[in-house]
Amino acid sequence: MSNLLRLIGRRLIALPIMIFGVTILVFFIMALSPIDQAYSVLGENATEAQAEQYREEHGLNDPVLVQYGNYMAGLFQGDMGTYGANKAAVSDRIAEALPVTLQLTFLGLIIAVFFAVILGVVSALYRDRWPDQIIRVFSIACIATPSFWLAVLMILLFSSMLHLLPASGPLPTISQDPAGWLARMAMPAIALAVPVTGQLTRVIRTSMVEELDKDYVRTALGAGIPKSVVVARNVLRNALITPVTVLGLRIGYLIGGAVVIEVIFNLPGMGMAILSGIQNSYVLLVQGVVLVVAITFIVINIIVDMLYILIDPRIRTV
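Using my numbering, the first residue of the sequence shown is number 2, and each one after it goes up by one.
Spelled out as structure tokens, the structure:
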């Protein structure tokens, strides 16, 4: 138990260090942007005197290190700046957009994990037979399918031709209209999940095959224990250790892919927020969205890392 707590403690200590590194990277990359924040907020019709007054009031004339210090002080207070002529708060825009992106990401994750586990286990149990061959071809096809291309095809088929699912329009809240929410999120989540499903299926199949070939499985089967019991209680749990590690990296892909898919399906998430920031030269909005997405990715990977420690008892002795 002490080793387990020590390992989890290391991850928790590393979390603020990595977040601090991300803030440095994002801030200084955005500081190199040629876009003048004063004109991006005040508009192109603002006079030079107005722009200079804005720069002075918001510390844009200060040295870069001083600006970074002021930015960090604002972050600790929940202030990420403002954008647009109406000076809307960046934090408010992110608070509206982030839940949509997380909902899409985790729905896609659930779909990918559900089908990957089923297909990977079946493929391993019927190794080198026709179910395995079909699943292997299917998984390779999924890996080779770009999410954005699949999204366009799904819109043409299920929305334009069959009129089964909406491709645009308002997003109902999951608490008030679960059916409407699911209908609106189904196509984006499936488009996002398909490549990850193919990758996880391959990893799970490989891990299952390796476990099925081990001596303890043959011993258990020889002792008369039903194969279904051995697979469910021992093989599957041991085989999922490697896929959990891969899953942490795939979550980052899902978050990044969600940003693109949201634009295709016009979902009011982080993708639309960053697109709006780029199109209108809202530097602080782009900076805030990129920072929050990066931090979200780090936090999720830390959680997956700790889950990996809990699943694999061998790591606790390291």
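Cβ coordinates follow ideal geometry from the N, Cα and C atoms, glycine included.
Just the Cα atoms here: how many angstroms apart are residue i and residue j?
i, j, result
"Val261", "Val293", "16 Å"
"Ala233", "Phe116", "17 Å"
"Ile141", "Leu248", "17 Å"
"Ala168", "Asn235", "43 Å"
"Asp306", "Gly170", "37 Å"
"Gln134", "Cys143", "14 Å"
"Gln51", "Pro64", "20 Å"
"Tyr283", "Ile256", "22 Å"
"Met155", "Ser124", "27 Å"
"Val195", "Gln280", "30 Å"
"Glu211", "Ala240", "8 Å"
"Ile226", "Arg238", "17 Å"
"Tyr55", "Asp80", "17 Å"
"Ala96", "Thr106", "16 Å"
"Thr198", "His164", "26 Å"
"Arg94", "Gly10", "33 Å"
"Glu49", "Ala259", "39 Å"
"Leu120", "Tyr127", "11 Å"
"Val218", "Val231", "7 Å"
"Ala152", "Thr220", "47 Å"
"Pro376", "Leu66", "The requested residue 376 is not part of the displayed model; the chain covers only 2 to 319."
"Gln200", "Pro147", "13 Å"
Residue i bridges to which residues according to DSSP?
i, result
"Tyr254", "According to DSSP, Tyr254 bridges with nothing at all."
"Ala89", "Tyr84"
Starting from residue i, trace the alpha helix (DSSP H) both ways and give me its first and last residue.
i, result
"Tyr217", "Asp216 to Gly223"
"Asp178", "From DSSP, Asp178 is part of no alpha helix (DSSP H); its letter is neither H nor E."
"Gly70", "Val65 to Phe77"
"Arg238", "Leu237 to Ala240"
"Ile275", "Met271 to Gln280"
"Met162", "Element bounds for Met162: n/a, residue is neither H nor E."
"Asp133", "Trp131 to Ile144"
"Tyr55", "Glu49 to Glu58"
"Ala152", "Ser148 to Met155"
"Val230", "Lys228 to Val231"
Beta-carbon within less than 8 Å of residue i's beta-carbon, same chain only, minus the 5 sequence neighbours each way: which residues are those?
i, result
"Val101", "Leu172, Glu263, Leu268, Pro269, Gly270 and Met271"
"Arg7", "none"
"Ala89", "Thr83"
Between residue i and the rest of its own chain, which residues show a CB-CB distance below 6 Å, the 5 nearest in sequence each way excluded?
i, result
"Asn71", "Gly60"
"Leu16", "Ile303"
"Tyr69", "Phe28"
"Leu285", "Gly82, Tyr84 and Val91"
With a threshold of 7 Å on Cβ separation, who are the neighbours of residue i within its own chain once the five nearest residues in sequence on each side are excluded?
i, result
"Ile20", "Ile296 and Ile299"
"Val27", "Gln288, Val291, Leu292 and Ala295"
"Thr243", "Val204 and Ser208"
Check whether the Cβ of residue i sits closer than 7 Å to any heavy atom of the ligand ZN, and report yes or no.
i, result
"Asn71", "You won't find the ligand ZN in this model; it holds no ligand whatsoever."
Cβ contact (3+ pairs, closer than 8 Å) linking the segment 71-85 and the segment 257-276: no
Assess, as a yes-or-no matter, whether the segment 179-190 is touched by the segment 103-113 under the definition of 3 or more beta carbon pairs within less than 8 Å.
-> yes
Segment contact, 8 Å Cβ cut-off, at least three pairs: the segment 289-305 with the segment 165-185: no
Counting beta carbon pairs with one atom in the segment 248-259 and one in the segment 300-310, are three or more of them shorter than 8 Å? yes
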